[in-house]
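Protein chains: 2
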Amino acid sequence: MVMQMTKTSIDRRVARTRATLHQTLMSLILKQGYEAITIRDICDAANVGRSTFYAHYTSKEDLMRSGIENLRQVLFDRQRDALATPGDLRHRSLGFSLTLLEHARDHIDLHRGLVGGGTVALGIIRQILSDVVRDEIAATGDKKSSDAIPRELVVQYVVGAYMAVLTWWLDRGAKPPPTEVDRMFRRLATDGILPHLAEGGSP
Amino acid sequence: MVMQMTKTSIDRRVARTRATLHQTLMSLILKQGYEAITIRDICDAANVGRSTFYAHYTSKEDLMRSGIENLRQVLFDRQRDALATPGDLRHRSLGFSLTLLEHARDHIDLHRGLVGGGTVALGIIRQILSDVVRDEIAATGDKKSSDAIPRELVVQYVVGAYMAVLTWWLDRGAKPPPTEVDRMFRRLATDGILPHLAEGGSP
DNA sequence: GCACAATTGGACAAGGTGTACGTTAATGGG
DNA sequence: CCCATTAACGTACACCTTGTCCAATTGTGC
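Chains A and B are the protein sequences, given in the same order. In terms of the numbering used here, the first sequence opens at residue 1 and continues consecutively. In terms of the numbering used here, the second sequence opens at residue 1001 and continues consecutively.
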């Protein structure tokens, strides 16, 4: 059907069909929301036969997944560079934050569709981010104290908090610049929330 | 159909039907997951006519929502008590955490169904928690400094982090006791994550 | 140019969704 | 205790989506 080992032999028709389907899905998400989209809708809007759709993807979720997977590469590449660069731990930790925020700013339509697009997209992004953060924590080493918090709990805590901030940012039109949101998120994560609530918090 | 002003005039048949539907939905969620459930499934398992279902609820989501709304009351009531009780700010902030964790422990089947149950349930819980946290922050007052972080961002940060922790806890069989998870979450939120990652973090 | 692969469009069965309506049975006030 | 009220039933209906199949057509790559 589509299986080819060499990268040179990707039929133009295949590439065109897949690209069209991805673009159409994203535009439809912005228009009517992910849940409300049917495979028929996608095919109609993309001018692609419904049989053709099933020749490439098994479901709406499948199409969505394949569209997001390239994001994983972007984040891992940038993180590898960041970890290789020497510098203060405080400044290089949580490095995915700025990367993803800028990626979102540069592909604002795509990301607004993703966060507005129901469970599937968010779930995939959460998965990717969890892997990234887990790697980062493993690289920086973790505390050995007796009352230590499970590493995975910290990962889920950070990812959950970040995705909530990202969603909030996108839902409000991505008004503040990425650098500022990045700064706020990292301060909350590193300093805790108390200094930002009560007037007499710790510095 | 059902509209009655006085609380005494709730037909037993109505109450019985609704309760049955709620119970059935929860048990089905545990069995096959929220998404895979059809209204037919619910009615068959509940021995309720499908027409009867539509006489009470408009959709699966509608049924789910009405089942979770009572949770809101529980959280708000407990929070009101907590805020009325004098004590150190550090100890009474984020009070919803223990409340919800214990509620989850006491209704473990229900909550495992909820977090496993797709977007809808999580979305409703997120909404409720956001309201609770927003109230709490408003009650404790917020920092007036110039570089302040938007209040709503803090709310979303906290709720996102908490729900991730809660989900993680439930997905792992709710092994550690609520008090311990509560302690870990609040320490992460108040102290930040750095002290729990690097060996040389701030106290 | 030619063999091959991809796309097309139509047809098909299976199954879910809402709605309508006449019938049956339970409820609760008088 | 009886009966008007009201919920529940179940059947039928039209409409839609899904997933699969196939023959015919079109576009590619060699």
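C-beta atoms are modelled at their ideal positions from N, C-alpha and C, and glycine is treated no differently. Here the structure is a predicted model, which is why all the values come from computation and not from measurement.
Beta-carbon proximity of residue i to residue j, cut-off 8 Å
| i | j | result |
| --- | --- | --- |
| B:I1128 | B:R1080 | no |
| A:R186 | A:S97 | yes |
| A:L30 | A:R112 | yes |
| A:E102 | A:P176 | no |
| B:G1095 | B:E1035 | no |
| A:I68 | A:F53 | no |
| B:A1148 | B:R1105 | no |
Residue i in three-state terms, based on DSSP
| i | result |
| --- | --- |
| B:K1175 | coil |
| B:L1069 | One detail in the question is off: residue 1069 of chain B reads as Glu in this sequence, not Leu. DSSP places B:E1069 in helix when its eight states are reduced to three. |
| A:P150 | coil |
| B:L1094 | coil |
| B:S1009 | coil |
| B:G1118 | helix |
| A:S202 | Bear in mind that the predicted position of A:S202 carries a pLDDT of just 43, short of 50, making it too unreliable to give a figure here. |
| B:H1107 | coil |
| A:I193 | coil |
| B:T1085 | coil |
| A:Q4 | Confidence in A:Q4 is poor, its pLDDT being 41 and thus under 50, which makes the residue's placement unreliable; the coordinate value appears in the next sentence. Note: A:Q4 maps to coil in three-state DSSP. |
Closer than 7 Å: residue i CB and nearest the ligand FMN heavy atom
| i | result |
| --- | --- |
| A:I149 | The model on display carries no ligand, and the ligand FMN is accordingly not part of it. |
Whole-angstrom C-beta distance between residue j and residue i, which should lie under 8 Å
| i | j | result |
| --- | --- | --- |
| B:R1134 | B:V1115 | Incorrect: roughly 22 Å between the Cβ atoms, too far for contact. |
| A:A161 | A:A189 | 7 Å |
| B:M1163 | B:I1137 | Rounded, the Cβ-Cβ distance is 17 Å, inconsistent with contact. |
| A:L194 | B:M1184 | Not confirmed; about 16 Å, so no contact. |
| B:A1028 | B:D1011 | Before going further, note that residue 1028 of chain B is Leu rather than Ala in the sequence given. At roughly 25 Å, the Cβ-Cβ gap does not stay under 8 Å, so B:L1028 and B:D1011 are not in contact. |
| A:D191 | B:G1192 | 5 Å |
| A:R65 | A:T99 | Rounded, the Cβ-Cβ distance is 21 Å, inconsistent with contact. |
| A:V132 | A:L75 | 5 Å |
| A:L63 | A:A139 | Going by Cβ atoms, the distance from A:L63 to A:A139 rounds to 34 Å, so no, they are not a contact pair. |
Exercise for review: Evaluate the contact criterion for the region 1046-1057 of chain B versus the region 1011-1022 of chain B: three or more CB pairs, one atom per stretch, below 8 Å.
Suggested key: yes
Point to revise | Sequence ranges, alpha helix (DSSP H) only - wholly within the region 26-60 of chain A, length at least 4 | key: 39-46 and 50-56
Check your understanding: Would the region 165-179 of chain A and the region 1165-1181 of chain B be scored as touching if the rule is three or more Cβ pairs under 8 Å?
Key -> no
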